[in-house]
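Here is the structure we will look at.
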Amino acid sequence: MLNVHNLSVSFAGSDLFSGVTFKLNKGDRIGLIGKNGAGKSTLLKVLSKDIENSGGTMAFDKEVRIGFLRQDIDFVEGRTILEEAYQAFEEIKQLEGKLEIINHELVTRTDYESEYYHDLMVNLNEFSHRYELLGGYNYQGNTEKILQGLGFQREDFDKLTDTFSGGWRMRIELAKLLLQENDILLLDEPTNHLDIESIIWLENFLKVYSGAIVLVSHDKMFLDNVTNRTIEISLGKIYDYKKPYSQFLLLRGEIKEKQLQAQKNQEKEIKATQVLIDKFRAKANKATMAQSLIKRLDKVERIEVDDDDNAVMNVKFQISKEPGKIVIEAENLSKSYGNKHVLEDVDLLIERNSKIAFVGQNGQGKSTLAKIMVGEIPHGGHLKLGHNVEIGYFAQNQSEYLEAEKTVLEIMEDAATDTNRARVRDMLGSFLFSGDTVDKKAKMLSGGERNRLALCKLLLSPFNVLIMDEPTNHLDIASKNVLKLALKKFEGTLILVSHDRDFLQGLATTVYGFKDKVIKEYLGDIDFFLEQHQIENLREAEKRTVVAKKTDASKKEVSNLSRDEDKELKKLKNHLSKIEAQIDKLEKEISEMDEALVKDYEATSTKPNFFENYKAKKIKVEKLMDEWAEIEEKTENCS
28 MLNVHNLSVS
38 FAGSDLFSGV
48 TFKLNKGDRI
58 GLIGKNGAGK
68 STLLKVLSKD
78 IENSGGTMAF
88 DKEVRIGFLR
98 QDIDFVEGRT
108 ILEEAYQAFE
118 EIKQLEGKLE
128 IINHELVTRT
138 DYESEYYHDL
148 MVNLNEFSHR
158 YELLGGYNYQ
168 GNTEKILQGL
178 GFQREDFDKL
188 TDTFSGGWRM
198 RIELAKLLLQ
208 ENDILLLDEP
218 TNHLDIESII
228 WLENFLKVYS
238 GAIVLVSHDK
248 MFLDNVTNRT
258 IEISLGKIYD
268 YKKPYSQFLL
278 LRGEIKEKQL
288 QAQKNQEKEI
298 KATQVLIDKF
308 RAKANKATMA
318 QSLIKRLDKV
328 ERIEVDDDDN
338 AVMNVKFQIS
348 KEPGKIVIEA
358 ENLSKSYGNK
368 HVLEDVDLLI
378 ERNSKIAFVG
388 QNGQGKSTLA
398 KIMVGEIPHG
408 GHLKLGHNVE
418 IGYFAQNQSE
428 YLEAEKTVLE
438 IMEDAATDTN
448 RARVRDMLGS
458 FLFSGDTVDK
468 KAKMLSGGER
478 NRLALCKLLL
488 SPFNVLIMDE
498 PTNHLDIASK
508 NVLKLALKKF
518 EGTLILVSHD
528 RDFLQGLATT
538 VYGFKDKVIK
548 EYLGDIDFFL
558 EQHQIENLRE
568 AEKRTVVAKK
578 TDASKKEVSN
588 LSRDEDKELK
598 KLKNHLSKIE
608 AQIDKLEKEI
618 SEMDEALVKD
628 YEATSTKPNF
638 FENYKAKKIK
648 VEKLMDEWAE
658 IEEKTENCS
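Residues in the sequence shown are numbered consecutively from 28, following my numbering.
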């Protein structure tokens, strides 16, 4: 499908990566990994032809279709969610317009024997066939199914996209890509704006995707569950293994150990040869042998060990002071946005040193509750902070609060106090900002760099309760591991809003599940929550099935119709069945006549009374349809 050879990309005269060579085959699901700034998103942009490469070649199969989920998207205002999602079916929508025009003309025109009418019939057949091949009769149902899988409710479908946040718009864009059935799917951080349920749904969808996938993700569990191949970009080179992420790490570690051992053995041999050369050089009768050994040594290809980019953050969260036993207490808490009720009658009691995860679908109130706890938004009910409680807060869009025109150093110095201003440069160094990087303006930083800077800035304020809303967005896997370790060692109270299952494992000992304005406490880790949540969903499905069965049964059991009314109802239904059979028969005959016209217009059109019969059948169908509608209405009134 795609052959990449010796690809390179340069910025300002220096290579971001070079010598990149790989093949992409049907069925490949590649996890593209690497540290922030390694060039992952850039490589996707090159593959999608959004930007040009600096060197090398890319050879695509003929007519290969590429879909690319970018991190930044533009939407046309004024479209509903369904209308925007239907943009995925450009050719189908064009055909619908053409078919509508043709059908209107066929109904209104009477020049059945004209060449124009013949052309209409030919086009109708061709367009209808193409429409069916493209899935025209199924696309609306598929669209609704995928939108619901990505977290949209049916009542959202007719709402304007303008009323949804960037995260939800990203879901619509993802839905469009999944609906297009591209040959190659390029996904840049597809899970960033998805909740756990939607991530699991996407995993299952991508597992059976027929084309090839290249995805950038920092979600280890997602990578392990979806991919069958890993390409790592590190220090300008790539490492390509046909293994999912965790297996890739083990395999790469084993390969590096073998490289190191081979390198040591080679160095021993080189050293021994050099000793012989030095020994033989001193003797005239051995000079020829020494020269021979030197030539042989020059031809030895030195074994190199793959370099690793081991630079990671150095993070440590310390508590400012010891708080009281109860850190946060809430009673009858509620929050509404206009007519939308997000939280209702919420009671909470959070004790010192708790490790809690807020989990649930987007829009269920997780971030809202976090904002209420830090006093950012008004609310109903009562919320009280405990004795000596100092809250540190990392907002979901924390990096957006960084002033774009200020440098990294200026942002930190502005937020620093007299007691910690002297440590600003050391702190920045711990978060991988050193040398010239401290003079970069915030607007020039990558998403991961902005998140690292926001985390660093957070440490300038004292806290003993840490509330973090999606802290891992845009962080590379190495940075996430460091952050997770630092949070494990944090001795204060931790409240995490996150959809990253791997990140939550081992961090939270209690999970609060948010659903339908209610918060339910699960006294266990994220795996326990997922297990219980799945059981609850199955029970809900069973209840719905039972209710449906009872409803059907009650319909059969209860009947207030008299004997004469029941007899009349059966008579009407029998009449309906006969009309439906007549309509089916006539429509089949008309369809056969249409096909005959298309196949051999001259022979068919010259048959005696052909067009008279054709017109009579169409008129008969219209009359039967009117009669059917009238009897159907009577049937509904009787029942």
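Quick reminder that beta carbons are idealized off the backbone N, C-alpha and C, glycines included. Remember, predicted model here, so these are calculated numbers, not experimental data.
Task: Beta-carbon spacing of Arg56, Asn359 below 7 Å - done: As a position in the sequence shown, residue 56 is number 29, starting the count at 1. As a position in the sequence shown, residue 359 is number 332, starting the count at 1. No, Cβ-Cβ distance for Arg56 and Asn359 is not below 7 Å.
Task: Cα-Cα separation, Tyr113 to Leu287 - done: Locating residue 113 in the sequence shown gives position 86, counting from the first residue. Locating residue 287 in the sequence shown gives position 260, counting from the first residue. Each residue's Cα considered, the two are about 55 Å apart.
TODO: Please name the residue or residues paired with Arg450 in a DSSP beta bridge.
DONE: In the sequence shown, counting from the first residue as 1, residue 450 sits at position 423. Bridge partners of Arg450: none, in fact.
Open item on the list: List, from N- to C-terminal side, the beta strand (DSSP E) runs of 3 residues or more that fit wholly inside the region 532 to 563.
Closed with: 537 to 542, 545 to 549
TODO: Verify whether the separation of the beta carbon atoms of Gly94 and Gln207 is less than 7 Å.
DONE: Against the sequence shown, residue 94 aligns to sequence position 67. Against the sequence shown, residue 207 aligns to sequence position 180. Going by C-beta atoms, Gly94 is nearer than 7 Å to Gln207.
Open item on the list: Give me the residue from Lys125, Thr135, Ser141 with the minimum Cα distance to Asn150.
Closed with: Here residue 150 refers to the residue found at position 123 of the sequence shown. When each option's Cα is compared against that of Asn150, the closest is Lys125.
TODO: Could you tell me the boundaries of the alpha helix (DSSP H) in which Phe232 lies?
DONE: Here the question's residue 232 lines up with position 205 in the sequence shown. Run containing Phe232: 223 to 234, per the alpha helix (DSSP H) assignment.
Open item on the list: Quick check: what's the CA-CA separation for Lys120 versus Leu523?
Closed with: By one-based count along the sequence shown, residue 120 stands at place 93. By one-based count along the sequence shown, residue 523 stands at place 496. Lys120 and Leu523: Cα-Cα distance of roughly 44 Å.
TODO: Tell me whether the beta-carbon of Val369 lies closer than 7 Å to the beta-carbon of Ala357.
DONE: The residue given as residue 369 occupies position 342 in the sequence shown. The residue given as residue 357 occupies position 330 in the sequence shown. Not closer than 7 Å, so no.
Open item on the list: My output table needs one value for Leu22: the three-state DSSP class, helix, strand or coil.
Closed with: In the structure as shown, the chain starts at 28 and stops at 666, and residue 22 therefore has no counterpart that could be examined.
Open item on the list: Please determine whether the Cβ atom of Thr188 lies at a distance below 6 Å from any heavy atom of the ligand GTP.
Closed with: Absent from the structure shown: the ligand GTP. Ligands present: none.
Task: Cβ pair Arg92, Asp210 closer than 7 Å - done: Locating residue 92 in the sequence shown gives position 65, counting from the first residue. Locating residue 210 in the sequence shown gives position 183, counting from the first residue. Contact: yes.
- [ ] Starting from the N-terminal side, write out each stretch of the beta strand (DSSP E) that is 3 residues or longer and does not extend beyond the region 236 to 283.
- [x] 239 to 243, 256 to 261, 264 to 268
TODO: Under 8 Å by Cβ, that's how I've got Gly193 and Leu212 pegged, so tell me the actual separation to the nearest angstrom.
DONE: The residue given as residue 193 occupies position 166 in the sequence shown. The residue given as residue 212 occupies position 185 in the sequence shown. Not really, about 21 Å apart at Cβ, beyond 8 Å.
TODO: Pick helix, strand or coil for Lys468, following the three-state DSSP scheme.
DONE: Taking the first residue of the sequence shown as position 1, residue 468 is located at position 441. Here Lys468 sits in strand by DSSP.
- [ ] Compute the distance between the beta-carbons of Ile606 and Lys644, then report whether it is under 7 Å.
- [x] On the sequence shown, residue 606 is found 579 positions in, with the first residue counted as 1. On the sequence shown, residue 644 is found 617 positions in, with the first residue counted as 1. No, these two residues do not count as a Cβ contact at 7 Å.
Task: Through-space distance from Asp88 to Leu29, alpha-carbon basis - done: Counted from its first residue, the sequence shown places residue 29 at position 2. Counted from its first residue, the sequence shown places residue 88 at position 61. If you take the alpha carbons of Leu29 and Asp88, they lie about 6 Å apart.
TODO: Could you tell me how far apart the beta carbons of Met197 and Arg528 are, in whole angstroms, since I believe they sit closer than 8 Å?
DONE: As a working mapping, residue 197 is identified with position 170 in the sequence shown. As a working mapping, residue 528 is identified with position 501 in the sequence shown. The Cβ separation is near 20 Å, so there is no contact.
Open item on the list: Taking a contact to mean a Cβ-Cβ separation below 7 Å, would you say Gly419 touches Gly351 in this structure?
Closed with: Within the sequence shown, numbered from 1, the residue matching residue 419 stands at position 392. Within the sequence shown, numbered from 1, the residue matching residue 351 stands at position 324. Their beta carbons are not under 7 Å apart, which means Gly419 does not touch Gly351 by this criterion.
- [ ] Entirely within the region 378 to 449 and at least 4 residues each: give me those alpha helix (DSSP H) ranges in chain order.
- [x] 393 to 400, 435 to 442
- [ ] Starting from Met85, trace the beta strand (DSSP E) both ways and give me its first and last residue.
- [x] By 1-based counting over the sequence shown, the position of residue 85 is 58. Looking at the DSSP string, the run of the beta strand (DSSP E) that includes Met85 is 82 to 87.
Open item on the list: Rounded to whole angstroms, what is the Cα-Cα separation between Arg450 and Glu476?
Closed with: Taking the sequence shown and counting its residues from 1, one reaches residue 450 at position 423. Taking the sequence shown and counting its residues from 1, one reaches residue 476 at position 449. Roughly 20 Å separates the two Cα atoms.
Open item on the list: Could you check whether the region 375 to 383 touches the region 318 to 326, counting it as contact only if at least three pairs of C-beta atoms, one from each stretch, sit closer than 8 Å?
Closed with: No: the two stretches stay apart, fewer than three of their Cβ pairs being nearer than 8 Å.
Task: Whole-number beta carbon distance between Leu429 and Met439, since they are thought to touch under 8 Å - done: Your numbering for residue 439 matches position 412 in the sequence shown. Your numbering for residue 429 matches position 402 in the sequence shown. Contact flag wrong, Cβ pair sits at about 10 Å.
Open item on the list: So, with DSSP's three-state summary, where would you put Met28?
Closed with: Taking the first residue of the sequence shown as position 1, residue 28 is located at position 1. The answer is coil: DSSP assigns Met28 none of H, G, I, E or B.
Task: Rounded C-alpha distance that separates Ser457 from Val435 - done: In the sequence shown, counting from the first residue as 1, residue 457 sits at position 430. In the sequence shown, counting from the first residue as 1, residue 435 sits at position 408. Going by the C-alpha atoms only, they are around 13 Å apart.
TODO: Use the C-beta contact count for Asp503: other C-beta atoms within 10 angstroms, 16 or more gives buried, fewer gives exposed.
DONE: The residue you call residue 503 lines up with position 476 of the sequence shown. Result: buried.
Task: Touching by the beta-carbon criterion (3+ pairs, under 8 Å), the region 30 to 47 and the region 216 to 227 - done: Touching, no, given that fewer than three Cβ pairs across the two stretches are closer than 8 Å.
TODO: Can you grab the Cα-Cα spacing for the pair Lys172 / Ala115, in whole Å?
DONE: As a working note, residue 172 is residue 145 in the sequence shown. As a working note, residue 115 is residue 88 in the sequence shown. Spanning the two alpha carbons is a distance of roughly 14 Å.
- [ ] Using a Cβ cut-off of 7 Å (strictly closer), state whether Met316 contacts chain D.
- [x] Checking the listed chains, one finds no chain D in this structure; it contains a single protein chain.
Open item on the list: Can you give me the C-alpha to C-alpha distance between Cys483 and Ala443, rounded to a whole angstrom?
Closed with: Numbered from its first residue, the sequence shown carries residue 483 at position 456. Numbered from its first residue, the sequence shown carries residue 443 at position 416. Using only the alpha carbons, I get a separation of about 11 Å.
Open item on the list: Give me the residue from Ala202, His156, Thr190 with the minimum Cα distance to Gly176.
Closed with: Along the sequence shown, read from residue 1 onward, the residue named residue 176 stands at position 149. Nearest option by C-alpha distance: Ala202.
- [ ] With distances taken Cα to Cα, identify the nearest neighbour of Glu230 among Asp215, Ser347, Leu250.
- [x] Along the sequence shown, one-based indexing puts residue 230 at 203. Taking only the C-alpha atoms, the option nearest Glu230 is Leu250.
TODO: Count the CB pairs spanning the region 463 to 473 and the region 489 to 497 that are closer than 8 Å, and state whether there are at least three.
DONE: no
Task: Beta-bridge partners of Ser41, as assigned by DSSP - done: Reading the sequence shown from its first residue, position 14 is the one you call residue 41. Phe38, per the DSSP bridge assignment.
Task: Helix, strand or coil at Glu90 according to DSSP, with G and I counted as helix - done: Taking the first residue of the sequence shown as 1, we reach residue 90 at position 63. In the structure shown, the three-state DSSP call for Glu90 is coil.
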